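K.L.:
Numbering (numbering that gives the first Met the number 0), first residue to last: 0 to 260.
Don't be surprised by glycine CBs; every beta carbon is placed ideally from N, CA and C.
In this text the structure is predicted, and so the values were computed from the model without any measurement.
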Amino acid sequence: MPTFFVGLQHAAAVVDDKLYIAGGSRNGRYISDVKVLDLGSLAWSAVKLNVEPNADKVEDSSTREKLPASSGHSMIKWENKLLLIAGHSKNVSDSVTVRFIDLESHQCGVVETSGKVPVARGGQSVTLFGSKVIMFGGEDRGRRLLNDVHVLDLETMTWNVVETTQTPPAPRFDHTAAVHAQRYLLIFGGCSHSLFFNDLHVLDLETVSIYPFQILSCFQIRWTHDVLTLGGFILIYHENRMSSYNTKIIVLSIPTTLRAF
0 MPTFFVGLQH AAAVVDDKLY IAGGSRNGRY ISDVKVLDLG SLAWSAVKLN VEPNADKVED
60 SSTREKLPAS SGHSMIKWEN KLLLIAGHSK NVSDSVTVRF IDLESHQCGV VETSGKVPVA
120 RGGQSVTLFG SKVIMFGGED RGRRLLNDVH VLDLETMTWN VVETTQTPPA PRFDHTAAVH
180 AQRYLLIFGG CSHSLFFNDL HVLDLETVSI YPFQILSCFQ IRWTHDVLTL GGFILIYHEN
240 RMSSYNTKII VLSIPTTLRA F
């Protein structure tokens with residue numbers, strides 16, 4: 000049974016009974032391959048990608064690539080495709096690029112987006128909410144840290160900026176975010192160039208206000224972790240804490256209605 004090395008800052012998504020992992024970095028080098036783990040047999044395999052037929056008509060060579068080596072990108076499933084959003088790579092781009100992998104044909108290419116396209120970045124959080132993607136924060140090509148909020152409408156592939164009110168989180172990357180109670184975007188952890196965070200912020204998707212939410216101070220700082228919501232709970236797994244790795248699962252109980260404190 001073949002095994003594969005998984006790089007740092009890769010992207011992952013579960014589709015039915017398969018786990019897809021794309022890109023990442025290893026020993027300072029970007030990775031471009033796509034791997035899939037069958038969750039039933041626990042067997043790994045590689046996905047052989049095909050370039051979109053019309054890609055050869057595009058002058059931009061980065062568009063013609065099957066999948067540029069990158070890290071710090073995000074991946075979600077939308078309809079019959081995987082969408083890879085943002086990320087760092089050797090390809091120079093001023094704005095966020097959205098790529099796709101067709102799950103049936105394994106064709107890949109670039110999705111044309113319009114509107115107020117965000118500045119290129121990596122280490123952002125990307126969260127699917129209905130037919131929209133909510134992107135928060137990250138780090139741009141000049142290592143500038145970000146705490147902006149953007150929304151991509153997946154039906155029109157149009158970007159918009161969300162002008163939030165109240166108190167936004169400090170600029171950060173390698174944080175996580177998840178939707179709670181179909182109304183709140185919970186933003187947790189992450190890091191800056193000198194600090195690691197263990198705070199929790201709430202973006203109310205109805206009022207677009209964003210504010211800190213108090214959690215127990217016993218939680219240690221965390222970055223490059225995973226998070227998901229399950230009913231009224233948040234599960235946090237595999238955190239990197241300053242100088243060590245941990246595989247504990249932290250469970251936070253979250254009320255249905257959240258208010259600023």
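Can you confirm whether the stretch 129-143 touches the stretch 106-113 when touching is taken to mean that 3 or more C-beta pairs between the two stretches lie within less than 8 Å?
P.N.:
Contact fails: fewer than three Cβ-Cβ distances are below 8 Å.
K.L.:
Considering just the uninterrupted stretch of the beta strand (DSSP E) at T137, what are its terminal residues?
P.N.:
Here residue 137 turns out to be Gly, not Thr, going by the sequence shown. From DSSP, the beta strand (DSSP E) with G137 extends over K131 to D139.
K.L.:
Between which two residues does the beta strand (DSSP E) holding F212 run?
P.N.:
Looking at the DSSP string, the run of the beta strand (DSSP E) that includes F212 is S208 to F212.
K.L.:
Please name the residue in V201, F172, L202 and H200 whose C-alpha comes closest to that of S193.
P.N.:
Considering only alpha carbons, the answer is F172.
K.L.:
Leaving out the 5 sequence neighbours to the left and right, which residues in its chain are closer than 7 Å to E78 when beta-carbon positions are compared?
P.N.:
No residues qualify anywhere along the chain.
K.L.:
With a Cβ-Cβ cutoff of 8 Å, do L185 and L204 count as a contact?
P.N.:
No, they are not a contact pair.
K.L.:
Looking at G121: is its Cβ nearer than 8 Å to the Cβ of S70?
P.N.:
Yes, the Cβ-Cβ distance between G121 and S70 is below 8 Å.
K.L.:
Take the Cβ of L66 as the centre, count every other Cβ of all protein chains shown within 10 Å, and call the residue buried at 16 or more, exposed below.
P.N.:
By the 10 Å Cβ count, L66 comes out buried.
K.L.:
Comparing alpha-carbon positions, which option in L81, M74, A68 and I75 lies nearest K89?
P.N.:
That would be A68, whose Cα lies nearest to the Cα of K89.
K.L.:
Under the rule that 16 or more other beta-carbon atoms within 10 Å means buried, what is S73, buried or exposed?
P.N.:
With 16 or more Cβ atoms within 10 Å of its Cβ, S73 is classed as buried.
K.L.:
Within 10 angstroms of the Cβ of N146, are there 16 or more other Cβ atoms? Answer buried if so, exposed if not.
P.N.:
N146 should be labelled buried.
K.L.:
Enumerate, from N- to C-terminal direction, the unbroken beta strand (DSSP E) stretches of 3 or more residues contained entirely within the stretch 38-113.
P.N.:
Taking only runs of at least 3 residues, the beta strand (DSSP E) segments lying wholly in the stretch 38-113 are 42-45, 73-77, 80-84, 97-101 and 106-110.
K.L.:
Using 10 angstroms around the beta-carbon of A45, count the other beta-carbons present and answer buried if the total reaches 16, otherwise exposed.
P.N.:
By the neighbour-count rule (16 or more Cβ atoms within 10 Å), A45 is not buried but exposed.
K.L.:
Name the residue from G23, H174, P168 and T206 whose alpha carbon lies nearest to the alpha carbon of Q213.
P.N.:
Cα-wise, what sits closest to Q213 is P168.
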